[in-house]
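Novice: Could you have a look at this structure, given as structure tokens, before my questions?
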Amino acid sequence: MALQLYNTRARRKEAFDPVDPDCVTMYVCGPTVYNLAHIGNARPVVVFDTLFRLLQTHYDKVVYARNITDIDDKIMRAAQEQGVAIDVIAGEFAQKYREDTAQLNALPPTLEPHATDNIGPMIALTESLIERNHAYAAEGHVLFDVTSMKDYGQLSGRSLDDMLAGARVEVAGYKRHPGDFVLWKPSSADEPGWESPWGRVRPGWHLECSAMIREHLGPTIDIHGGGRDLIFPHHENELAQSCCAFGDEFVRVWMHNAFLDMDGEKMSKSLGNVATIRELLTRYRGEVLRFALLSAHYRSPLNFSEALLEQAEQTLTSFYNTLRSVQGIELDCEVSLEGEGFYAALCDDLNTPLAISELHVLARDINKASGSDKPALKARLLAAGNLLGILQQDPLEWLQGDGASDLQGLDAEAVEALIAERVAAKANRDYARADEIRDELTAGGIILEDSAGGTLWRRINS
RNA sequence: GGCUCGGUGGCAGAGUGGUUAUGCAGCGGAUUGCAAAUCCGUCAACGCCGGUUCGAUUCCGACCCGAGCCUCCA
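This is the structure we're talking about:
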């Protein structure tokens, strides 16, 4: 199934055509590690993880790099406030980021380059820019000269004139043009810094990505991803730096995810509605968060709310309920993705909502199927779930495990004992006692399902 | 002000120039000791005004409303 991706630069979907089909490259802007990641940060993580999984079905080798920005003024401020070195802050939050994203079933990226490990390549890139008259040093800074690039603004679709018209920020005196951006800024002796041809400096924000992409992935990468807000200035400036320094095509496909709203409002610190992944994980399992994030197309805004999470949890439970019903069934065949609706949906610019609708169809088919059809249907549902990064755990763990409920309810043994007692009561037609036991279990957060094969149970929050 | 992107049934959310996804909720039914789960059926939508067309929710234009970026930001 041919893969189509929406390219921000072209503003339309294009057939994906990697430079080297034997080694596909993707770079996604990762976190600046100075605090806990919030749920908005989780969206690109989940979206590009899903793309990573999808790419691996098309190509034998996919190199996925996600950087860690470990030098930045925000990190410096946090370090100063806590009286520690920046690498302490950066190390702590990079680790927490890895833990949080793992909870979202995001696979680790192939590479995780750190800015401070790539100062050499950043200096080399800058020297190339200066040599080619695209950058200049001024008052301890090194700046990119936006007028030196004829088609600066091509990615975001704006011109230098437009930007001047909209300028709302006072322009620093050392800039030749208001749109010039910083490659390096001066660092005093007590600030983190590196010796360079321009004195003691630290890198500006955009430089690391250009340098690390070149260093670790090569001159031209296939996919560069991130949040929509990065289109300008971050990615525009990366593009300018790389093109002007090296002259090669930089990125084949630019991909950007839309933002999350929180209960209909923009998420912002001033509104106090920033939810960290970590906080949400105390109330919902990571798979619920992931499923919620995939329930809308990645280029559409998604309103993040309790109702969304509850529905996500309910939907996953119904899928796991179906999977429990075929738990004992052996998978006896390979799934061919070609021709599968969920696969076609994902190949069409990662249409996850449409793919999810195909999961519902498969689940219904399993629920209706005769025994002989079940193994193949089960295999297809699991394959679909695997591409989306969901439905891979033991159904009983989902339905009955501790994570299924934050009620400090009954343990599994107690539940089983009560169910046994109820079965006996029912056998004696003592329905009063049977219902009494059901009520007791309900109070303990347990839902019973009587079926021909016996009584099944699950925790209420699943 | 400039540049982008949207407005779909009660809610979430796809998609399409004609046969009107999917899920939740609702309603009716099957099943069930009761319930749950499941299955079947069903109600219901394309911001507004024009244009193109045999026919537009889908294409074009205007308008209204909303969002993002232009400043750190997923």
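In this text, residue positions in the first sequence follow the numbering used here: the first is 120, and each later residue adds one.
Think of the CB as a built atom: it goes at the ideal place given N, C-alpha and C, for glycine as much as any other residue.
Specify the secondary structure class of P227 as computed by DSSP and reduced to three states.
Specialist: Translated into the one-based positions of the first sequence, residue 227 becomes position 108. Here P227 sits in coil by DSSP.
Novice: Tell me which same chain residues have a C-beta within less than 7 Å of the C-beta of V445, skipping the five on either side of it?
Specialist: Within the first sequence, numbered from 1, the residue matching residue 445 stands at position 326. The answer, listed in chain order, is I485, K493 and K497.
Novice: Does the Cβ-Cβ distance between G508 and N154 come in under 7 Å?
Specialist: Working through the first sequence from its first residue, we reach residue 508 at position 389. Working through the first sequence from its first residue, we reach residue 154 at position 35. No. Outside cutoff.
Novice: Might you give, ordered along the chain, the residues of its own chain that have their beta carbon closer than 7 Å to the beta carbon of W373, omitting 5 neighbours on each side?
Specialist: The count along the first sequence starts at 1 and reaches residue 373 at position 254. Only N126, T127, R128, L274, H343 and H354 meet the Cβ criterion.
Novice: Curious, which full-length beta strand (DSSP E) runs of at least 3 residues does the region 342–408 contain?
Specialist: 370–376 and 379–381
Novice: Quick one: using the 10 Å Cβ neighbour count with 16 as the cut-off for buried, is P150 buried or exposed?
Specialist: Counting from 1 along the first sequence, the entry for residue 150 is found at position 31. Flag for P150 reads buried.
Novice: In chain order, what residues of the same chain have a beta carbon less than 8 Å from the beta carbon of P240, not counting five sequence neighbours either side?
Specialist: Counted from its first residue, the first sequence places residue 240 at position 121. Correct list, in chain order: A330, M331, R333 and E334.
Novice: In three-state DSSP terms, what is S307?
Specialist: As a working note, residue 307 is residue 188 in the first sequence. The answer is coil: DSSP assigns S307 none of H, G, I, E or B.
Novice: Please classify V203: is it buried, with 16 or more other beta-carbons within 10 angstroms of its beta-carbon, or exposed?
Specialist: Here residue 203 corresponds to residue number 84 of the first sequence, with the count starting at 1. Exposure of V203 is indicated by the presence of fewer than 16 other C-beta atoms within 10 angstroms of its C-beta.
Novice: Less than 7 Å between C-beta atoms, sequence neighbours within five positions excluded: which residues of the same chain meet that for A495?
Specialist: As a first step, residue 495 is located in the first sequence; it is residue number 376 there, counting from the start. Answer for A495: C452, listed in chain order.
Novice: At which residues does the alpha helix (DSSP H) containing P494 begin and terminate?
Specialist: As a working mapping, residue 494 is identified with position 375 in the first sequence. First-last of the alpha helix (DSSP H) with P494: K493 to L507.
Novice: Is the Cβ-Cβ distance between L173 and L465 less than 7 Å?
Specialist: As a position in the first sequence, residue 173 is number 54, starting the count at 1. As a position in the first sequence, residue 465 is number 346, starting the count at 1. In this structure, L465 lies closer than 7 Å to L173 by Cβ.
Novice: For H260, which residues from the same chain have a beta carbon less than 7 Å from its beta carbon, with the 5 sequence-adjacent residues on both sides left out?
Specialist: What you label residue 260 is simply residue 141 of the first sequence in a count that begins at 1. Y293, V301, W303, K304 and P305, listed in sequence order.
Novice: So the candidates are G346, V370 and A198; which of them puts its Cα closest to the Cα of E357?
Specialist: Counting from one through the first sequence, the residue named residue 357 turns up at place 238. Comparing Cα-Cα distances from E357 to each of G346, V370 and A198, the minimum goes to V370.
Novice: In whole angstroms, what separates the C-alpha of D468 from that of D341?
Specialist: Indexing the first sequence from 1 puts residue 468 at position 349. Indexing the first sequence from 1 puts residue 341 at position 222. For D468 and D341, the distance between alpha carbons rounds to 15 Å.
Novice: State the CB to CB distance for the pair L326 and G298, rounded to an integer number of angstroms; the pair is presumed to be in contact (CB under 8 Å).
Specialist: Residue mapping note: residue 326 aligns to position 207 of the first sequence, counting from 1. Residue mapping note: residue 298 aligns to position 179 of the first sequence, counting from 1. Rounded, the Cβ-Cβ distance is 16 Å, inconsistent with contact.
Novice: State buried or exposed for G504, treating a residue as buried only when at least 16 other CB atoms are found within 10 Å of its CB.
Specialist: For the purposes of this step, residue 504 is taken as residue 385 along the first sequence, with counting starting at 1. Classification for G504: buried.
Novice: Is DSSP giving I475 helix, strand or coil here?
Specialist: Along the first sequence, one-based indexing puts residue 475 at 356. Note: I475 maps to helix in three-state DSSP.
Novice: Using the Cβ count rule (16 or more neighbours within 10 Å means buried), how would you classify E516?
Specialist: As a first step, residue 516 must be located in the first sequence, where it is residue number 397. The residue in question, E516, is exposed, as its Cβ has fewer than 16 Cβ neighbours within 10 Å.
Novice: Quick one: which unbroken beta strand (DSSP E) runs of 3-plus residues sit fully inside the region 419–457? Chain order, please.
Specialist: The region 419–457 contains these whole beta strand (DSSP E) runs: 421–423.
Novice: Closest to S489 by C-alpha separation, out of S307, I448 and D192, would be which residue?
Specialist: Counted from its first residue, the first sequence places residue 489 at position 370. The shortest Cα separation from S489 among S307, I448 and D192 belongs to I448.
Novice: Taking the straight line between their C-alpha atoms, what separation do you get for A502 and V454?
Specialist: Sequence index remark: in the first sequence, residue 502 carries index 383 (1-based). Sequence index remark: in the first sequence, residue 454 carries index 335 (1-based). Going by the C-alpha atoms only, they are around 7 Å apart.
Novice: Using 7 Å as the threshold, is the C-beta distance between P514 and Y403 below it?
Specialist: Taking the first residue of the first sequence as position 1, residue 514 is located at position 395. Taking the first residue of the first sequence as position 1, residue 403 is located at position 284. For P514 and Y403, no; Cβs fall outside 7 Å.
Novice: What are the start and end residues of the alpha helix (DSSP H) that includes P297?
Specialist: Your numbering for residue 297 matches position 178 in the first sequence. No alpha helix (DSSP H) contains P297, which DSSP labels as neither H nor E.
Novice: Suppose the cutoff is 6 Å on Cβ atoms and the five residues either side in sequence are ignored; what does the same chain contact list for T144 look like?
Specialist: For this step, residue 144 is matched to residue 25 along the first sequence. Hits under 6 Å: V182, L336, I340 and D341.
Novice: Please go through the same chain and pick out, in chain order, the residues whose beta-carbon is closer than 7 Å to the beta-carbon of E457, but skip the five residues on each side of it.
Specialist: Here residue 457 refers to the residue found at position 338 of the first sequence. Around E457: M120.
Novice: For G563, does the three-state DSSP call read helix, strand or coil?
Specialist: Here residue 563 is taken as the residue at index 444 of the first sequence, counted from 1. Three-state DSSP puts G563 in coil, outside helix and strand.
Novice: If you draw a straight line from the C-alpha of E535 to the C-alpha of L567, how long is it?
Specialist: Working through the first sequence from its first residue, we reach residue 535 at position 416. Working through the first sequence from its first residue, we reach residue 567 at position 448. Rounded to whole angstroms, E535 to L567 spans 11 Å at the Cα level.
Novice: According to DSSP, is N547 helix, strand or coil?
Specialist: For this step, residue 547 is matched to residue 428 along the first sequence. Here N547 sits in coil by DSSP.
Novice: Between A415 and L408, is the Cβ-Cβ spacing less than 7 Å?
Specialist: Stepping through the first sequence from its first residue, residue 415 is reached at position 296. Stepping through the first sequence from its first residue, residue 408 is reached at position 289. Between A415 and L408, the C-beta gap is not smaller than 7 Å, which leaves the two residues out of contact.
Novice: Pick helix, strand or coil for P117, following the three-state DSSP scheme.
Specialist: As displayed, the chain neither begins before 120 nor continues past 581, which places residue 117 out of reach and without an answer.
Novice: Consult DSSP for W317 and reduce its assignment to one of helix, strand or coil.
Specialist: What you label residue 317 is simply residue 198 of the first sequence in a count that begins at 1. Assigned with DSSP and collapsed to three states, W317 falls in coil, not helix or strand.
Novice: Which residues bound the beta strand (DSSP E) around M145?
Specialist: One-based indexing of the first sequence puts residue 145 at position 26. Element bounds for M145: V143 to V147.
Novice: Which stretch, first to last residue, makes up the alpha helix (DSSP H) that contains T220?
Specialist: On the first sequence, position 101 is the one that residue 220 refers to. Counting along the chain, the alpha helix (DSSP H) containing T220 begins and ends at I205 to Q222.
Novice: Tell me whether D521 sits in a helix, a strand or coil according to DSSP, three-state version.
Specialist: Sequence index remark: in the first sequence, residue 521 carries index 402 (1-based). Of the three classes helix, strand and coil, the one that applies to D521 here is helix, per DSSP.
Novice: Near T220, which residues of its chain fall below 6 Å by C-beta distance, leaving aside the five closest residues on each side in sequence?
Specialist: Position 101 of the first sequence, counting from 1, holds the residue named residue 220. Around T220: V164.
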